[in-house]
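Visitor: Residue numbers for the sequence shown follow the UniProt record's numbering, beginning at 1 and rising by one.
Below are the structure tokens for one structure; questions will follow.
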Amino acid sequence: MEKTATRIDWIGSSCRLLKSTAAEFERTRPFEGMSIGTGIHLEPKTVALLMTLRAGGARLVCTGNLNSTQPSTVEFLRAQGVAVFATRTTDPAAHHQSLEAVIAERPDLLLDNGGDLFAIAVEKPYANLLGGTEETTSGRTRLLPMRAHLNMPILVINDSPIKQFAENRHAVGQSLFESYLRFTNRSTNGKRVTVFGYGACGKGTAACFRAAFSSVSVVDIDPVTTLEAHLDGFVTPLRQEAIRSADILITVTGFAGIVTAADLPLLKDGAILMNGGHFPHEIDVEAFRSHADISGTDRYEAEHIETFHLKDGRSFHVLGAGHMANLAGPRPLGNSAESMDLGFALQARCLERIARGEAGADSCVVPVPADIDAMVANAYLDLSR
Numbered sequence: 001m002e003k004t005a006t007r008i009d010w011i012g013s014s015c016r017l018l019k020s021t022a023a024e025f026e027r028t029r030p031f032e033g034m035s036i037g038t039g040i041h042l043e044p045k046t047v048a049l050l051m052t053l054r055a056g057g058a059r060l061v062c063t064g065n066l067n068s069t070q071p072s073t074v075e076f077l078r079a080q081g082v083a084v085f086a087t088r089t090t091d092p093a094a095h096h097q098s099l100e101a102v103i104a105e106r107p108d109l110l111l112d113n114g115g116d117l118f119a120i121a122v123e124k125p126y127a128n129l130l131g132g133t134e135e136t137t138s139g140r141t142r143l144l145p146m147r148a149h150l151n152m153p154i155l156v157i158n159d160s161p162i163k164q165f166a167e168n169r170h171a172v173g174q175s176l177f178e179s180y181l182r183f184t185n186r187s188t189n190g191k192r193v194t195v196f197g198y199g200a201c202g203k204g205t206a207a208c209f210r211a212a213f214s215s216v217s218v219v220d221i222d223p224v225t226t227l228e229a230h231l232d233g234f235v236t237p238l239r240q241e242a243i244r245s246a247d248i249l250i251t252v253t254g255f256a257g258i259v260t261a262a263d264l265p266l267l268k269d270g271a272i273l274m275n276g277g278h279f280p281h282e283i284d285v286e287a288f289r290s291h292a293d294i295s296g297t298d299r300y301e302a303e304h305i306e307t308f309h310l311k312d313g314r315s316f317h318v319l320g321a322g323h324m325a326n327l328a329g330p331r332p333l334g335n336s337a338e339s340m341d342l343g344f345a346l347q348a349r350c351l352e353r354i355a356r357g358e359a360g361a362d363s364c365v366v367p368v369p370a371d372i373d374a375m376v377a378n379a380y381l382d383l384s385r
């Protein structure tokens, strides 16, 4: 019999490690009687993670991140009886209301992405919160100053070597490259690309564009990291020259104000700007919109491209309004299923450890324990052999 399947079905069948973990959790029930509040991109790969947690007995209370919530995913989760407080929005105030709604449910564990949920929990503490996980570098940076107030185990998925090489280096680089093509339908051959940030995401991004016959420059504030990029064969010009020469500028730093209105005089006519960092503040799009040197804008609504015209005749383009490009724009796909299978397996195992009371407050904003890394790596290898 022929069946019409969905992208959620396709992703679910692709996440073999999560399927195996879910089968185990159905037997062991590590989250029995507990609720898990999640604030993470609501797209098909997240469904595979959430269904794994539910197989372990968890009641789920979910929201998404700015501009990445996919309505079909929300519809599916609600049909499964999951409480979802989320709409696709670029409005920080509306998004904050959804985050508040999750915390109001007083979940026992939090699965956070960017530190949003934990930041609210610090302001509005409640007794049954046991701890949880944080997905990103941006979230870790945000939560570190709050450690004394948090005083609970929070395991940082992004600090796992598996997350660094499987998702950040390989998958983010690949998905940002794919997203550039998806947004623009333009070539990369012979283009001059400047990548801001040479962490794991920057390494992957630079490598993917170089493999697609672009000439790639790297800008990083750390001289040691810049030296690494140089020895990896990338051009490492001074920042102003890197901006001035670029046909494509990509930010993957995790910090705000990487490309600002002060850089408008440097931008090459026709330059394309895109962001791969978690928060939409690496490229100051709002400042562009209100700047006196901007004479007008064109919005390509279906393509999610905004073209800014400068009074001197130059123009430049911003993809996805400066939001994370691989989860913005037309048909956002995000990182590969296999990379997220690994990263989300880390999430599930870290939450399991905290639920079992096997991580204390001394594990507040710390990397994934090495034995969990080894467990996930061995399980994935076993499935791949």
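Even for Gly, the Cβ is constructed at its ideal location relative to N, Cα and C.
In this text, all values refer to a predicted model and were calculated from it rather than measured experimentally.
Go ahead and pull the three-state DSSP assignment for Gly64.
Guide: Correct three-state label for Gly64: coil.
Visitor: Gly131 and Gly115 look like a contact to me (Cβ under 8 angstroms); what is the Cβ gap, rounded to whole Å?
Guide: Rounded, the Cβ-Cβ distance is 14 angstroms, inconsistent with contact.
Visitor: Where do the N-terminal and C-terminal ends of the beta strand (DSSP E) with Pro367 fall, by residue?
Guide: That run of the beta strand (DSSP E) goes 364 to 367.
Visitor: Please return the same chain residues whose Cβ sits closer than 8 angstroms to the Cβ of Phe213, not counting the five positions on each side in sequence.
Guide: Result list for Phe213: Thr188, Asn189, Gly190, in chain order.
Visitor: Confirm, please, whether the CB-CB distance from Thr90 to His323 is below 8 angstroms.
Guide: Going by C-beta atoms, His323 is nearer than 8 angstroms to Thr90.
Visitor: Going by C-alpha distance, which of Phe209, Ile36, Thr63, Val74 is nearest Gly57?
Guide: Here the closest residue by C-alpha is Ile36.
Visitor: Would Phe196 pass as a contact of Thr253 if the rule is Cβ separation under 8 angstroms?
Guide: Cβ atoms of Phe196 and Thr253: closer than 8 angstroms.
Visitor: Return the chain-ordered ranges of every beta strand (DSSP E) run that is complete within the stretch 296 to 335 and spans a minimum of 3 residues.
Guide: Segments of the beta strand (DSSP E) lying fully in the stretch 296 to 335: 305 to 310, 315 to 319.
Visitor: Are Leu342 and Val368 touching if we call contact CB-CB under 8 angstroms?
Guide: It is not a contact, given that the beta carbons lie outside the stated cut-off.
Visitor: Use the C-beta contact count for Ser98: other C-beta atoms within 10 angstroms, 16 or more gives buried, fewer gives exposed.
Guide: So Ser98 ends up on the buried side.
Visitor: Have a look at Thr133, Phe85, Ala370, Leu150 and flag the residue whose alpha-carbon is nearest the alpha-carbon of Ala121.
Guide: Closest option to Ala121, Cα to Cα, is Leu150.
Visitor: Please classify Thr87: does DSSP put it in a helix, a strand, or coil?
Guide: Three-state result, Thr87: coil.
Visitor: I'd like the list of long-range same chain contacts for Arg192, defined as Cβ closer than 6 angstroms, with 5 residues on each side in sequence excluded.
Guide: Closer than 6 angstroms at Cβ, skipping near neighbours: Ser215, Ser245, Ala246, Asp247.
Visitor: Give me the Cβ distance between Ile272 and Leu319, rounded to the nearest whole Å; I'm assuming they're in contact under 8 angstroms.
Guide: Yes, Ile272 and Leu319 are in contact; Cβ-Cβ is about 7 angstroms, under 8 angstroms.
Visitor: What three-state label does DSSP hand Asn378 in the structure shown?
Guide: Three-state result, Asn378: helix.
Visitor: Going straight from the alpha carbon of Asn67 to that of Glu105, what length do you get?
Guide: Taking the straight line joining both Cα atoms gives about 23 angstroms.
Visitor: May I ask whether a heavy atom of the ligand FMN can be found less than 7 angstroms away from the beta carbon of Arg88?
Guide: This structure lacks the ligand FMN; in fact it carries no ligand of any kind.
Visitor: Taking only the alpha-carbon atoms, compute the straight-line gap between Asp312 and Glu282 and give it to the nearest angstrom.
Guide: Going by the C-alpha atoms only, they are around 25 angstroms apart.
Visitor: Could you check how far apart the C-beta atoms of Thr205 and Val172 are, in whole angstroms? I think they sit under 8 angstroms.
Guide: Confirmed, Cβ separation roughly 7 angstroms.
Visitor: Tell me the start and end of each unbroken alpha helix (DSSP H) in the stretch 183 to 238 that is at least 4 residues and wholly inside, in chain order.
Guide: Whole alpha helix (DSSP H) segments, 4+ residues: 200 to 211, 223 to 231.
Visitor: Apart from the five residues on each side of it in sequence, which residues of its chain come closer than 6 angstroms, Cβ to Cβ, to Ser160?
Guide: Correct list, in chain order: Leu346, Val368, Asp373.
Visitor: Please name the residue or residues paired with Thr38 in a DSSP beta bridge.
Guide: Answer is Cys62, Leu111.
Visitor: Going along the chain, which residues of its own chain have a beta-carbon closer than 8 angstroms to the beta-carbon of Ala94, five neighbours each way excluded?
Guide: Hits under 8 angstroms: Thr87.
Visitor: What is the DSSP secondary structure of Ala359, reduced to helix, strand or coil?
Guide: If DSSP states are grouped into helix, strand and coil, Ala359 belongs with coil.
Visitor: Quick check: the Cα distance between Glu286 and Ala262, rounded to an integer number of angstroms?
Guide: The straight-line gap from Cα to Cα measures roughly 13 angstroms.
Visitor: Among residues of its own chain, excluding the 5 on either side of Met375, which ones have a beta-carbon nearer than 7 angstroms to its beta-carbon?
Guide: The residues are Arg349.
Visitor: Considering Cα atoms alone, identify which of Glu100, Thr52, Phe118 is closest to Val82.
Guide: Minimum Cα distance to Val82 is reached at Thr52.
Visitor: Looking only at its own chain, which residues have a Cβ that is under 6 angstroms from the Cβ of Pro280, when we skip the five neighbours before and after it?
Guide: Correct list, in chain order: Gly322, His323.
Visitor: Nearest by alpha-carbon distance to Leu231: which of Ser217, Thr46, Glu241 is it?
Guide: Closest by alpha carbon: Ser217.
Visitor: Tell me which same chain residues have a C-beta within less than 8 angstroms of the C-beta of Val259, skipping the five on either side of it?
Guide: Result list for Val259: Phe196, Ile243, Leu249, Thr251, Leu273, Glu282, Ile283, Asp284, in chain order.
Visitor: Starting from Ile272 and walking both ways along the beta strand (DSSP E), at which residues does that stretch end?
Guide: Run containing Ile272: 271 to 275, per the beta strand (DSSP E) assignment.
Visitor: Starting from Thr133, trace the alpha helix (DSSP H) both ways and give me its first and last residue.
Guide: Not the alpha helix (DSSP H): Thr133 falls in the beta strand (DSSP E), residues 131 to 134.
Visitor: CB-CB under 6 angstroms to Gly12, same chain, minus the five flanking residues each way: which ones, in chain order?
Guide: Closer than 6 angstroms at the Cβ level, and outside the excluded window around Gly12, lie Ala48.
Visitor: Three-state secondary structure (DSSP) at Ile294?
Guide: Here Ile294 sits in strand by DSSP.
Visitor: Can you check DSSP and say which residues form a bridge with Leu249?
Guide: The partner list for Leu249 (beta bridge, DSSP) reads Thr194, Leu273.
Visitor: What residue from Asp108, Asn158, Leu117 has the CA that sits closest to Met340's CA?
Guide: Measuring from the Cα of Met340, the nearest candidate turns out to be Asn158.
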